[in-house]
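Residue numbers (the UniProt record's numbering): 1 to 78.
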């Protein structure tokens, strides 16, 4: 059920539809290995998934010289 308290179109679909959709998106993500997609296993605890996300994005942040934490810019940077 959605946040609004009603079932939306996707939620109303049967299990087979959801399985086909999942398979299609998984196949697409794995097929585009040279593209900007990374498949992250979302199973496990929040902490485990968080670690997987960090492991995937930290090298990208380092390549782009972006800050790895939410830091405010200094006066000098403005």
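Where a beta carbon is used, it is the ideal one built from N, C-alpha and C, also for glycine.
Rounded straight-line distance, which links the Cα of residue j to that of residue i
| i | j | result |
| --- | --- | --- |
| residue 52 | residue 8 | 30 Å |
| residue 49 | residue 39 | 12 Å |
| residue 44 | residue 22 | 18 Å |
| residue 47 | residue 54 | 10 Å |
| residue 25 | residue 31 | 10 Å |
| residue 59 | residue 42 | 20 Å |
| residue 5 | residue 57 | 35 Å |
| residue 20 | residue 14 | 10 Å |
| residue 27 | residue 18 | 14 Å |
| residue 61 | residue 11 | 35 Å |
Contacting residues, own chain, Cβ-Cβ under 6 Å from residue i (five flanking each side not counted)
| i | result |
| --- | --- |
| residue 29 | 37, 39 |
Residue i - containing alpha helix (DSSP H), residue span
| i | result |
| --- | --- |
| residue 30 | 15-31 |
| residue 40 | It is not in any alpha helix (DSSP H) - residue 40 carries neither H nor E in the DSSP assignment. |
| residue 64 | Premise fails: residue 64 is in no alpha helix (DSSP H) and is neither H nor E. |
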